[in-house]
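S.K.: Input: one structure, supplied below.
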Amino acid sequence: MAGEGDCKISSQRWDLLASRMFYWKINVFFVCVVHYPSGTGEGGKSTFIKQMRIIHGVGFTEDERKDFAKVVYQNIFTSIQAIIRAMESLQIPYGQEENAVNAYKVVSLDPHHARIIGGLWKDAGIRTCYKRRSKFHLLDSTSYFLSNLDRIASEGYVPSAQDILRTRVPTTGINEYCFSMQKVTLRIVDVGGQKTERRKWIHCFENVIALIYLASLSEYDQSLEENNSENRMRESLDLFRTILELPWFWNTSIILFLNKVDILEEKILTSDLAAYFPTFPGPWAIHTTSSPSPFPGPKQDVHAAKGFILEISPSAFRPRFLYHHYTCATDTQNICAVFTDIKDAVLASYLEEFSLV
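Residue 142 in our numbering sits at position 86 of the sequence shown, and the numbers go up by one each step.
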C-alpha cells in the first residue's frame, strides 16, 4: 500500500493528462466519497466536502454563512439535551444543585437559555458526563460550540468558516459537487453510507476514477446506536473491506482517510484502546511499513494507536492504487495538503494505465 506523499506530479504531467482527457471528451474527474456512519453519520464526509468548497470553490457567501447560524444553534441545543439525558441515565449528579433545575428549563437557544447552557457547561457533573461520552451519542463539535457559546449567542452572530466546518447536518441520498482544479473539473459524488442508503449509491461506483473512504479514528470505543454490541470502528472497516472486494474498484485509486486525528489525540488519554481491541499491544510492539521501529511512549501514545488502526484496516487486500492519510477534516491546511497528494496519486495511476509514464 502506498503511504502519504509517495509521489509528486509535475504541472506538465497534469497538462498532459488534461489534454488527453479533453481529446477523449472525458474532462471530468469522477470521485466518490463514502463513509459508513454507523448510525451517526459523523465520519467527516460532509466536512471534507465543505473543505473542498473552501479550497477549490468559492467558499461561502455572507448570506450562506448567516443561514448556517440556525444549524449551529440546533447543534448546540441537540448536544446539551443529549448530555442532560445522559446525566440521568448514567446517574451522574450535578455539581451545583441549581443546575439540576436549570437543565429542564433549556427548551431553545434564546439569550436567556444561552446563559443557562453556559452555566451547565461549567458544571462539574456535566464535565464528568462529557468525559464518558463514548457511552452515549454526542456530536463531536459539542466542546467546540459550547466553549464558544458567548460569541455564538451574541447579537448579529455570523458563523465563521470554522463554525461551518463544525456543523453537522445528516447527509441522505446522493449529492454531487463540481470544483475547478487546474485544467480539470473535479466532480465529487457524496453518497449516504447508511445501510438503508446503500442500494441507492451502489450504481455510482461505475466509471469512478477514485474513491475516498473515511473511517473515524475516534470511534474505537463507541457502539452502534441500533446495536450496542457492535463496535463502530469494526463496522466501518468491515464495509471498507467489502468495497475493496467489489469488481468496480479493481483498477480504481482508493484513498483511505483515517479521520479525526484531533479527537483521537484527546480520547486516547482517557479511553484505553486495548479495552475494545485486545490485540492492541501498546507502543512497544507496533510496526508498520512506514515506521519499521517500535513506537516509543506510554500505552496511550496516539502514534501507536494510529499505527495499530492502520494495521487492522483491510488495506492488505489492495496493495496497488491504495493510499492512506491521517486527517483532521476541520483543519483546512491539513486537507489542502492531503488533497494535493491525492491528486498526484490519482494522476500517477492514470498515467501508468494509459502508458503516459
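Beta carbons: idealized from backbone N, C-alpha and C, even for Gly.
Compute the Euclidean distance between the alpha carbons of Tyr129 and Phe235, then round it to the nearest angstrom.
M.R.: Those two C-alpha atoms are separated by around 29 angstroms.
S.K.: How big is the Cα-Cα spacing for Phe133 and Ile110?
M.R.: The alpha-carbon atoms of Phe133 and Ile110 are separated by roughly 27 angstroms.
S.K.: Please report the residue range of the beta strand (DSSP E) in which Asn315 lies.
M.R.: That run of the beta strand (DSSP E) goes Ser309 to Asn315.
S.K.: If Val264 and Ser102 are in contact, beta carbons under 8 angstroms, what's the gap, nearest whole angstrom?
M.R.: Incorrect: roughly 19 angstroms between the Cβ atoms, too far for contact.
S.K.: I need the DSSP call for Arg188, collapsed to helix, strand or coil.
M.R.: Of the three classes helix, strand and coil, the one that applies to Arg188 here is coil, per DSSP.
S.K.: Given Ile324, which residues of its chain have a CB within under 6 angstroms of its CB, disregarding the five upstream and five downstream residues?
M.R.: If we look at Ile324 and ignore the five residues flanking it on each side, its Cβ neighbours are Gln356, Val358 and Ala361.
S.K.: With distances taken Cα to Cα, identify the nearest neighbour of Ile172 among Asn155, Thr335 and Arg183.
M.R.: Checked all of Asn155, Thr335 and Arg183; the closest Cα to Ile172 is Asn155.
S.K.: For Asp179, which residues from the same chain have a beta carbon less than 7 angstroms from its beta carbon, with the 5 sequence-adjacent residues on both sides left out?
M.R.: Same-chain partners within the cutoff: Tyr150, Gly151, Gln152 and Asn155.
S.K.: Only counting the same chain, and skipping five residues up and downstream in sequence, which positions put a Cβ closer than 8 angstroms to that of Val317?
M.R.: Here the set comprises Leu273, Val358, Lys362, Tyr382, Thr383 and Cys384.
S.K.: Count the other CB atoms within 10 Å of the CB of Arg141; is the residue buried (16 or more) or exposed (fewer)?
M.R.: It is exposed - the Cβ of Arg141 has fewer than 16 other Cβ atoms within 10 Å.
S.K.: So Leu205 packs on Trp177, CB below 8 angstroms; how close in whole Å?
M.R.: Correct: roughly 7 angstroms between the Cβ atoms.
S.K.: Considering only their Cβ atoms, is the gap separating Thr223 from Asn131 smaller than 8 angstroms?
M.R.: The answer is yes: Cβ separation under 8 angstroms.
S.K.: Relative to the alpha-carbon of Phe395, which residue among Ala209, Ala266, Tyr186 and Ser145 has its alpha-carbon at the smallest distance?
M.R.: That would be Ala266, whose Cα lies nearest to the Cα of Phe395.
S.K.: Helix, strand or coil for Ile244? Go by DSSP, reduced to three states.
M.R.: Looking at Ile244 - three-state DSSP - the assignment turns out to be strand.
S.K.: Considering only C-alpha positions, which residue in the set Met108, Phe124 and Gln137 is nearest to Leu242?
M.R.: Minimum Cα distance to Leu242 is reached at Met108.
S.K.: Taking the beta carbon of Lys106 as the centre, do at least 16 other beta carbons fall within 10 Å, making it buried, or is it exposed?
M.R.: By the 10 Å Cβ count, Lys106 comes out buried.
S.K.: Can the beta-carbon of Phe104 be found less than 8 angstroms from the beta-carbon of Leu270?
M.R.: Yes, the pair counts as a contact, with Cβ atoms nearer than the cut-off.
S.K.: When you compare only the Cα positions, how much space is there between Ile148 and Asp219?
M.R.: Taking the straight line joining both Cα atoms gives about 30 angstroms.
S.K.: Please list, in chain order, all residues of the same chain as Ser190 whose beta carbon is under 7 angstroms from its beta carbon, the five residues on each side excluded.
M.R.: These residues qualify, in order along the chain: Asp277, Gln278 and Ser327.
S.K.: Helix, strand or coil: how does DSSP classify Cys384 here?
M.R.: In the structure shown, Cys384 sits in coil (DSSP, three-state: anything other than H, G, I, E or B).
S.K.: My guess is that Ser369 and Phe296 are in contact by the Cβ rule of under 8 angstroms, so how many angstroms apart are they, rounded?
M.R.: That pair is a contact at about 7 angstroms.
S.K.: Looking only at its chain, what residues have a beta carbon closer than 6 angstroms to the beta carbon of Thr198, apart from the 5 residues adjacent to it on each side?
M.R.: Correct list, in chain order: Ser135.
S.K.: For my contact list, Leu221 and Thr386 are in at a C-beta cut-off of 8 angstroms; report their separation, rounded to the angstrom.
M.R.: Indeed they touch by this definition, with Cβ atoms about 5 angstroms apart.
S.K.: Using three-state DSSP, classify Ile268 as helix, strand or coil.
M.R.: The answer is strand: DSSP assigns Ile268 an E or B state.
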